[in-house]
Amino acid sequence: TYNFCSGPAMLPEDVLLKAQAELLNYQNQGDSVMALSHRSDAFLEILAQAQQRLAALLDLPDHYRILFMQGGASAQFSAVPLNLRQNNLPIGFLDSGYWSQKALEEAQKYAEVDVIASSQSSGYLKAIEQADYQLSKPLSYLHYTPNETIDGNAFYCIPNNQLPNGQEVPLVADMSSCILSEPIDVSRFGVIYAGAQKNIGPAGLAIVIVREDLLARSQQNQQAMPRLLNYATVVEQNSMANTPPTFAIYMANLVFQWLQQQGGLEVIQQRNQAKAELLYQAIDSSRLFVNNVEKNHRSKMNVPFSSQNAELDAKFAEQAQQQGLISLQGHRSKGGLRASIYNAMPYQGVEALVQFMKSFENQYV
Ligand code: PLP
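Convert by adding 6 to the 1-based position in the sequence shown; the result is the number in the UniProt record's numbering.
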């Protein structure tokens, strides 16, 4: 089967097989990896490896820290404003869809928010362009969602975070559905966060990458926020401010290793590009299916499409499932269909989907 779910999503088979064996017997020591004490040397080695491998994959500059946190990306919707709010300055948002909105709704509980630009009027059929806005006043930070998992749009350049006087406001990105899908220039960001359940591993884990100077803000805000969400505390405790999600971190470490074995993020980017091209070409040449996202803003990870007939879409998802192409129904808020084609989805999976789309189309058009 090929699983097109938006998350929890499929993981590489090699990773799952290794985890299966080690679930019973970690490194032939007779115990389950899930039962390793988080204080044991064996787990500390897993944690250190995971940090080192992720840093190597991202070519992480020295002044950034990697944090493993809990509560998925949604806990970060609260953590980011609580850590980074500063001097009553508003938080800027680039609103490009469903998840931008969710992040914004949570942030406004803790600070004033300022929507700097929004693509809502397009029905979120695009992300936001450099020309759409100019920052005019200081902000605690500027938040955006480079890949909107549900709307299927993506930014293809890092947004401008410069004020007219040349100063930069920290840029914060929710990379839940695009992290590790291509190389990124981490040095442009203040904070990057991502729920793990798409390109990294089990749901519940969140990866947070913080520029070191911003930890001073976390320290300043420490008294007015939950300890477990405080970046400075998590850094100080080496991601073990309480019992960490050890198994999820173990799985993430295996996925990072797999990515390195594949040749790193340039190779992964090429594969993702090829998969996305194949699928969008099939949609654009189809007599049945459409994707209305502006071509230069189309997501390479999440591809919504539809026959524009709810019954037919449901039939497609059901018949596809019977062919081993699973979880193609769109998000409950949007309907239609959606294929999530993260790193672990092989090219053959997309080929199988495209073939099935053609045969379905021939049957119904
Ligand atoms: N942000 C984005 C872009 C997402 O796609 C998702 C989930 O699918 C979330 C946030 C929420 O993640 P979680 O369920 O881990 O809180």
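The C-beta atom is built at its ideal place from N, Cα and C for all residues, glycine as well.
Predicted, not measured: the structure shown is a model, and the values here were computed from it.
Excluding the five sequence neighbours on either side, which residues of its own chain have a C-beta within less than 7 Å of the C-beta of residue i, listed in chain order?
i: P87; result: I97, A113, Y116 and A117
i: F362; result: A326, Q329 and L331
i: F49; result: L42, S43 and T252
i: N236; result: N89, S224 and Q228
i: V240; result: L73, M75 and A247
i: residue 372; result: One cannot answer for residue 372 here, as it falls past the ends of the chain, which runs 7 to 371.
i: L318; result: Y370
i: K281; result: I347, M351, Y353 and V356
Tell me the DSSP secondary structure of residue i in three-state form.
i: Y147; result: coil
i: P310; result: strand
i: R293; result: coil
i: Q168; result: strand
i: N89; result: helix
i: A133; result: coil
i: E28; result: helix
i: R233; result: helix
i: Y139; result: coil
i: Y348; result: coil
i: R45; result: coil
i: V216; result: strand
i: N205; result: coil
i: Q226; result: helix
i: N278; result: helix
i: L186; result: coil
List the DSSP bridge partners of residue i.
i: I97; result: V119
i: D180; result: Y199
i: L343; result: F311 and Q335
i: Q76; result: L211
i: S124; result: D101
i: A160; result: N153
i: Y286; result: BP columns for Y286 are empty, so no partner.
i: E174; result: Q168
i: R304; result: N159
i: N9; result: I332
i: Y70; result: R217
With distances taken between CB atoms, is the gap from residue i to residue j smaller than 8 Å?
i: L285; j: V371; result: no
i: A350; j: P67; result: no
i: A179; j: A160; result: no
i: N308; j: G158; result: yes
i: F195; j: L177; result: yes
i: F74; j: I213; result: yes
i: H149; j: A85; result: no
i: F10; j: A345; result: yes
i: S187; j: N278; result: yes
i: S142; j: A79; result: no
i: P352; j: Q275; result: no
i: I198; j: A258; result: no
i: S29; j: V39; result: The displayed chain sequence assigns Leu, not Ser, to residue 29. The answer is yes: Cβ separation under 8 Å.
i: A209; j: P14; result: yes
Say yes only if the C-beta of residue i is nearer than 7 Å to one or more non-hydrogen atoms of the ligand COA, and no if none qualify.
i: D319; result: Absence of the ligand COA is noted for the structure shown, with the ligand PLP being the only ligands found.
Around the Cβ of residue i, are there at least 16 other Cβ atoms within 10 angstroms (buried) or fewer (exposed)?
i: P165; result: buried
i: Q203; result: buried
i: S313; result: buried
i: V273; result: exposed
i: S46; result: exposed
i: D20; result: exposed
i: T151; result: buried
i: D219; result: exposed
i: G269; result: exposed
i: S106; result: buried
i: P310; result: buried
i: E174; result: exposed
For residue i, which residues from the same chain have a beta carbon less than 6 Å from its beta carbon, with the 5 sequence-adjacent residues on both sides left out?
i: D138; result: A123
i: L211; result: A202, P251 and A254
i: S193; result: P67
i: Q33; result: none
i: S146; result: L90, R91, Q92, L95 and I97
i: M16; result: N9 and A350
i: L60; result: I72 and F262
Tell me which residues share the same chain as residue i and place their Cβ nearer than 8 Å to its Cβ, disregarding the 5 neighbours each side in the sequence.
i: residue 450; result: The structure shown has nothing for residue 450, since the chain only spans 7 to 371.
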